[in-house]
Amino acid sequence: MFLMKITQKIEKRINKIKEGTTFKYQQLPIKSNEYSAAAKAIERLIKKGIIKRVSTGVFYKPKQTVFGELKPNEEELLKAYLFQNNKRIAYITGISLYNRMGLTTQVPRIIKIASRDKRITVSIGNIKGNPVKSYVDVTDRNYILLEILDALKDFKKIPDLDKGSGIKIISNQLKKLNTKEIKLLINCALSYPPRVRAFLGSLLEQIDLSIELKTLKKSLNPLSEYNYGIDKKILPTTTNWNMK
699 MFLMKITQKI
709 EKRINKIKEG
719 TTFKYQQLPI
729 KSNEYSAAAK
739 AIERLIKKGI
749 IKRVSTGVFY
759 KPKQTVFGEL
769 KPNEEELLKA
779 YLFQNNKRIA
789 YITGISLYNR
799 MGLTTQVPRI
809 IKIASRDKRI
819 TVSIGNIKGN
829 PVKSYVDVTD
839 RNYILLEILD
849 ALKDFKKIPD
859 LDKGSGIKII
869 SNQLKKLNTK
879 EIKLLINCAL
889 SYPPRVRAFL
899 GSLLEQIDLS
909 IELKTLKKSL
919 NPLSEYNYGI
929 DKKILPTTTN
939 WNMK
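With this note's numbering applied, the sequence shown covers 699 to 942.
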């Protein structure tokens, strides 16, 4: 009877979950004293084909189409590892991110997962993920900004990158940010290497002269130079930030 109640409660919650979406035990209405019964209930639901297991403690609700069952996409499969207690603690970075941004056509064999305090290693079928340390704590508010900063950090190392196109892509992302997001971006940038701060300052100055950039300027050594090999015709403001 107890197991049946738990099963019904879990099924009710799963019915509300969108097809193709991953979830963990923490997202189910389970109390601490119900975990044993919940595990049995989950196994029953897996046998019925109502849900599928991605990895230990991670499941998904299959999406049915006229072509058969569709598995969650890569982003969705990794999502369960990017959150803890429904709070974002990590984000995908490296070549996988730069491919999604349109900065490279290359697809990495191993995905990089950035987090401040947690080392996240993933192995789901053909998907492999290795941990890297983020420069600041990752949140829902800042992870998109950290993606931009990572692209600036690795700009010289991104394979097959056309620098002119790359600057346009990143500039367009910066143009979409509001004043609060720009301030948060600059604050996050202060934890990144000086070359990233200089590059960001150059881009923001080119986009909008009214943006307050004193904090970025003061954080840089006026005698230091940052070699990105960017033509001044592409980004004229590089001179103001000791970039060459």
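No residue lacks a Cβ here, since even glycine has one placed at the ideal position from N, Cα and C.
Here P727 is actually not in contact with K703; their C-beta atoms are around 11 Å apart, not less than 8 Å.
Per DSSP, the unbroken beta strand (DSSP E) holding Y758 starts and ends at 756-758. For P829, the pairing in a beta bridge is given by DSSP as I811.
For V836, the CB contacts under 8 Å within the same chain, skipping 5 residues up- and downstream, are R786, I787, A788, Y789, A812, S813, R814, L844 in chain order. Remark: C-beta atoms of G827 and I809 approach each other more closely than 7 Å. By the 16-neighbour rule on beta-carbons within 10 angstroms, S832 is buried. Checking the DSSP bridge columns, you'll see S908 has no partner listed. Within the same chain, I932 come within 7 Å of G862 by CB-CB distance, once the 5 residues on both sides are set aside. By alpha-carbon distance to K916, the top candidate from I865, R807, T936, R895 is R895.
Residue environment for L883: buried (at least 16 other C-beta atoms within 10 angstroms of its C-beta). Closest by C-alpha distance to E773, out of G755, T877, K750, S794, is S794.
For a cut-off of 8 Å, the C-beta gap from G864 to L801 is around 5 Å, short enough to register as a contact.
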